[in-house]
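These notes are about the structure you will find just below.
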Amino acid sequence: MSSQEESGPGVGTLLINWALEYDTQKIVHIKNKTIGLLNRLIQLAIIGYIIGYAIIYKKGYQSTDDVISSVTTKVKGVIYTNITDWPDLLITDTTPYNRIWDVSDYVIPPQESDAFFVMTNMIITPDQQRGQCPEDPKIANVACDPKVPSDCKKGERVINGNGVRTGKCVPYHFPNGTTTDTCEIDAWCPVEYDMNPTNVTAVLNESERFTVLIKNTATYSKFHFSKRNILESSNTSYLKGCMYNNHLDRFCPIFKLGDIIDATGEDYNALAYSGGVIAISINWDCNLDYNWDDCTPVYTFARLDNKNAKLAKGYNFRFSNFYQDANGTDTRTLFKAYGIMFKVIVTGTAGKFDFVPLMLNIGSGLALLTIATSACDIIVCYVMKGHAYYKKKKYLNVQSGADNDPDYENFS
Amino acid sequence: MSSQEESGPGVGTLLINWALEYDTQKIVHIKNKTIGLLNRLIQLAIIGYIIGYAIIYKKGYQSTDDVISSVTTKVKGVIYTNITDWPDLLITDTTPYNRIWDVSDYVIPPQESDAFFVMTNMIITPDQQRGQCPEDPKIANVACDPKVPSDCKKGERVINGNGVRTGKCVPYHFPNGTTTDTCEIDAWCPVEYDMNPTNVTAVLNESERFTVLIKNTATYSKFHFSKRNILESSNTSYLKGCMYNNHLDRFCPIFKLGDIIDATGEDYNALAYSGGVIAISINWDCNLDYNWDDCTPVYTFARLDNKNAKLAKGYNFRFSNFYQDANGTDTRTLFKAYGIMFKVIVTGTAGKFDFVPLMLNIGSGLALLTIATSACDIIVCYVMKGHAYYKKKKYLNVQSGADNDPDYENFS
Amino acid sequence: MSSQEESGPGVGTLLINWALEYDTQKIVHIKNKTIGLLNRLIQLAIIGYIIGYAIIYKKGYQSTDDVISSVTTKVKGVIYTNITDWPDLLITDTTPYNRIWDVSDYVIPPQESDAFFVMTNMIITPDQQRGQCPEDPKIANVACDPKVPSDCKKGERVINGNGVRTGKCVPYHFPNGTTTDTCEIDAWCPVEYDMNPTNVTAVLNESERFTVLIKNTATYSKFHFSKRNILESSNTSYLKGCMYNNHLDRFCPIFKLGDIIDATGEDYNALAYSGGVIAISINWDCNLDYNWDDCTPVYTFARLDNKNAKLAKGYNFRFSNFYQDANGTDTRTLFKAYGIMFKVIVTGTAGKFDFVPLMLNIGSGLALLTIATSACDIIVCYVMKGHAYYKKKKYLNVQSGADNDPDYENFS
């Protein structure tokens, strides 16, 4: 045998020989109840993890695709407000607040991708024009004495205020008739009187009865799957009359704003009074190995901003409607709008059987099985009674220095 | 030898010995054509998978970065509409529709991040003021008999309607001169007559000739790579005259709306009539191991909402322009705007050679090679002719009970 | 022994035997300084990589969660502009530019999710009405000769222009008094004179003093962790007076626009003049194994669009305020608005100790250790002095043909 090896065969022969050989590990097969059982238990745990968790629970036999989605929303509802007789009014002139409100009045801006804002409370300052007027005395550093001209420095901006000082000190008339002196400013006049109509009730607290139709199409392009949240089985009369309810009608795409806020655990009027941010999550997680009809949207609702905030709570912003009055002077109606920002967040992963991920999971599982052997080897060779015996069986000791021994072929 | 081992060397000596030892598996080298070939074939398949799929096809030798992107858009185009002579008109007063339309008329809101909306069809209700007027008879439950006062309950909102019932029943005059009785409501008056000018043609169906310039900068910060979709090689005159075309000019950042809709396979007028949502995808997948000039954007277009929907098809919303009339009364022009919502979606992953992911892929590949041995072992030890012989060669049987045998060193 | 094996035990016995057996690899234990040291070094490198990089540096012992976030913004600031005395004016009538600007004038649209736009420069065209007027001569192909009627073809749109040709050729009066002939168009008249007030300074270049309050709530729902960027330890007076500064006050949620632009390395006036897109990134990467109070936001700022662009630089769009004049004619004020688009991008990953990912990392690490053995095997069996000796020790050669040998049990 050794003489055959020492004769020099050609490269081709070597290659063919190599291709027809098979190397497999020499295994030491130990019959021992303790270590045998331990080994099988560890192996079982690993196989259980691979099959139970990685393959079945985590669906390791599926390839997946992320959802592509389109969302459009349409709010409906109309309110007639007349706050003149409300208790605890903080303002004297309620005229701007006694009016009708429809969707193009309270949805700002009228169109947003994947979101909509509903104004629920506001401070209205009608008929502002550019000019000079006294600054709001609630702003810091604007009180002045008409006899001390240096109190109001011309050209100086009022920090967090409404304009730029003209240099004069003029009387400011509160809505209740009293008067104080503040710096005159270049601004949109008269300046906003930053006071909500009441300190308990949102002007549009009835907006909890508004409804929103959410149209959502979810697409899994890899699986050529596309579906709407308006089920094809519904008809026009259903769509006109239905209302989403987590228990009674989970597939109606029409939501009452009050129901959404209830589902987040918030109080509608409190949220409407100071504003906030609400997430409407639509989840399309689907197992496309099953009936595709079972792939339906699941809605969840959560408040995104912090309701327990001590500072700078809620959400508001200012906007204006601009026009010219009968004399051609630029005029605007300023709104400080408090309201609820609804964000529609569509998530989802679809899975479908695929050979490649299944193989990858089995492969990496088999690699993990070596952990069982490694763990048991330590016990067998160092811990167990009779470990020296097993160690000797497992290890074949080979001394170095063979290179010094010309006859090493006979060494064994 | 055994006596040396039994003498107690120090910990340092043991450590040094440990560091200078090398453990390798004892291999059973089987010369058998069948199993040898099978083994090599399985190994080849695994290596082929690792090199061909995981490393080359999936670019396992690259580290990757996701694109950071900025998108701004600018629509251009102007239409003069005169629908008076259109066939199949459904309305009698066409005055509000005979006018010029430019970008600040039909893009609502004027600025949106990563999206723009083009109004393509609309119902205009000019000169609405807050007051009392009869509700639209097309709304459910508003027909009434003036002799039956209970038909209209004061203060009750009209569901899906335009206002709140005043309690009166008044005549509603259709545009064609006929009359019916409906509940009077507090609302913006007169209420919208919810009827498109025609039932076939979008008012702005010529908007297919509008163009949009999309300015997109893609950045891969990990690789210090940044590029615009407006190629640096282009000049002003090119940019003024060019038009994107998938075959002729793939790098022009100016798109005709009609071309975009064509690329999605939709009919422009049908889409413009009822509205829809279109995705403009810009993909920047790049292999930065190659010439960075080859990293160019690829545009694709798709309709995101469901065009075959039976219910609640298309996309529309209402918005108003607010002003005061000559008497200082709040007035508005209400638009029910149908149109196309374009969403610009930028995706991309760049890869560049990196040693770490290459090593990780090779490592996990080597681990997979054990599958070949495992599979062949089963065949060799249980299936193949002569399997008992090979099994005996592979396994070294060790009986337990050595611990009962003080002389186990001689046991073998 | 062999006779016992050949007697046929029941399946139950076989199963029990199988469960109580343990297979471990036969190891060839080589005492050789060179290869031993090499082996340990490679093992050390792999273990170092696993523990140091995958487990400690990449936090392989933690399960992670991605941030869910809510962002609202509020810009503050007011400017009084009077550009009449500015040098290098390019326009003659500065009236529309001498005015007060507050937040509802320069933030367009007033509300956007995760973004806000601040107008910093503009071209104002007041009092446009729908009618006929000469086209802007700066547009291509609109110059004409009144004696050549074919120059202006009725009904033809002006490409990139403001309207549709009426067929007439009429004189256009430049603001400086000179005159030229251009095609008359149906348009909003008079057409915009597309010229910035100056070619160096943005009209609202003082907007660098504007401030923005960013309210951001970050939530890691898996870990029931939620925190605002307005720290609970701050109070109202702090919040009114503080200003973000990377060195002095990293936790103030109020930012001066000029500071943001400075942090990106841009020049404020240059950016304000032609517009641009700025990213405000808020990163909430947190190690929740440590004190949760240490989980604080980190702000970074970057310009997203390409400032070195030769073509189509900056960001602008057109919007209008619509109203009726005293005669009831539809009128609008057109703004070409240049400005800075701020995008608030919230990122973050939180980690917390978890047993499962730790085990997975250790498992895949052990699998990598086989690389050390594989590498050394090549050296031992093919490269090293005395390799034939080691190879012989490692490999047990088994000849095929055993199946031809009925007495193969004695073959060895």
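Residue numbers (the numbering used here), protein chains in the order written: chain R, 1 to 412; chain L, 1001 to 1412; chain Y, 2001 to 2412. The beta-carbon is built from N, C-alpha and C at its ideal position, and this holds for glycine as well.
Residues of its chain near residue i, where Cβ-Cβ distance is below 7 Å and the 5 sequence neighbours each way are ignored
i        : result
E1135(L) : V1142, V1158, G1161, N1162, G1163, T1182, C1183, I1185, V1191
V200(R)  : D88
E6(R)    : Caution is warranted here: a pLDDT of 48 is assigned to E6(R), below 50, making its placement in the model unreliable, and the coordinate value is therefore given only provisionally. Excluding positions up to five away in sequence, the list is empty.
A1187(L) : C1133, N1162, G1163
Test item: CB-CB of residue i and residue j under 9 Å
i        : j        : result
Y323(R)  : Y2323(Y) : yes
I2278(Y) : I2261(Y) : yes
A309(R)  : D65(R)   : no
T2370(Y) : N2039(Y) : no
C1376(L) : T296(R)  : no
I1282(L) : I1345(L) : yes
A2218(Y) : I2068(Y) : yes
Y193(R)  : T125(R)  : yes
S2063(Y) : N2216(Y) : no
I1108(L) : Q111(R)  : yes
L2257(Y) : Y2244(Y) : no
Neighbourhood of residue i by C-beta distance below 8 Å, restricted to the same chain and skipping five residues each side
i        : result
A2272(Y) : T2120, N2121, A2202, L2204, N2205, S2207, E2208, Y2338, G2339, I2340
I1027(L) : none
K392(R)  : none
With 16 other Cβ atoms within 10 Å as the buried cut-off, status of residue i
i        : result
G2048(Y) : exposed
P406(R)  : With a pLDDT of 44 at P406(R), under the threshold of 50, the predicted position of this residue should be treated as unreliable, and no value is reported.
G155(R)  : exposed
R1250(L) : exposed
V2380(Y) : buried
M1384(L) : buried
G1060(L) : buried
T95(R)   : exposed
L1015(L) : exposed
L2090(Y) : exposed
D1326(L) : Strictly speaking, residue 1326(L) in this sequence is Ala, with Asp absent from that position. Looking at its Cβ environment, which holds fewer than 16 other Cβ atoms inside 10 Å, A1326(L) is exposed.
Y1057(L) : exposed
L41(R)   : exposed
6 Å Cβ shell around residue i - same chain, five flanking residues per side excluded
i       : result
A302(R) : T264, A279
T73(R)  : F116, V212, I214
Bridge-paired residues (DSSP) for residue i
i        : result
D1186(L) : Q1132(L), V1164(L)
L2311(Y) : According to DSSP, which records beta bridges pairwise, L2311(Y) is partnered with nothing at all.
F251(R)  : Paired residue(s): none; F251(R) is not in a bridge.
P2171(Y) : D2181(Y)
Y2382(Y) : Paired residue(s): none; Y2382(Y) is not in a bridge.
C152(R)  : Per DSSP, none; premise fails for C152(R).
I2027(Y) : Y395(R), Q1025(L)
I124(R)  : F335(R)
W101(R)  : I79(R)
S69(R)   : A218(R)
C-beta neighbour in chain C for residue i, strict 9 Å
i        : result
V1277(L) : Of the chains in the structure shown, none is chain C; the protein chains are R, L and Y.
Self-check item: Residues of the segment 364-378 of chain R whose Cβ lies closer than 8 Å to any Cβ of chain Y, in chain order
Solution: The segment 364-378 of chain R vs chain Y, Cβ under 8 Å: S364, A367, L368, T370, I371, T373, S374, C376, D377.
Quiz prompt | Residues in the segment 12-23 of chain R having any Cβ partner in chain L nearer than 9 Å | solution = N17, W18, A19, L20, E21, Y22, D23
Quiz item: Given a limit of 8 Å on CB to CB distance, which residues of the segment 1231-1243 of chain L reach chain Y?
Solution: Result list: E1232, S1234, N1235, T1236, L1239, K1240.
Practice problem: Taking only beta carbons into account, state which residues of the segment 1027-1059 of chain L come closer than 8 Å to chain Y, listed in chain order. | Solution: I1027, V1028, H1029, I1030, K1031, N1032, K1033
Quiz prompt | Short-range partners of chain Y found in the segment 301-321 of chain R, where Cβ spacing is below 7 Å | solution = L304, D305, N306, A309, K310, L311, A312, Y315, F317, R318, F319, S320
Quiz item: Between the segment 105-125 of chain R and chain Y, which residues of the former have a C-beta closer than 8 Å to a C-beta of the latter?
Solution: Result list: I108, P109, E112, D114, A115, F117.
Quiz item: Using Cβ-Cβ distances below 8 Å, what residues of the segment 1128-1145 of chain L are close to chain Y?
Solution: none
Practice problem: Give the residues from the segment 169-196 of chain R that approach chain Y closer than 8 Å (Cβ to any Cβ), ordered along the chain. | Solution: D186, A187, W188
Quiz item: Listed from N- to C-terminal order along the chain, which residues in the segment 1341-1365 of chain L have their beta-carbon within a distance smaller than 9 Å of any beta-carbon of chain R?
Solution: Cβ contacts with chain R come from M1341, K1343, I1345, S1364.
Quiz item: When Cβ atoms are compared, which residues of the segment 1083-1106 of chain L fall closer than 8 Å to chain Y?
Solution: R1099, I1100, D1102, V1103, S1104, D1105
Self-check item: chain R contacts made by the segment 1383-1400 of chain L, where a contact means CB separation under 7 Å
Solution: If the cut-off is 7 Å between Cβ atoms, the segment 1383-1400 of chain L has K1394, Y1395, L1396, N1397, V1398, Q1399, S1400 near chain R.
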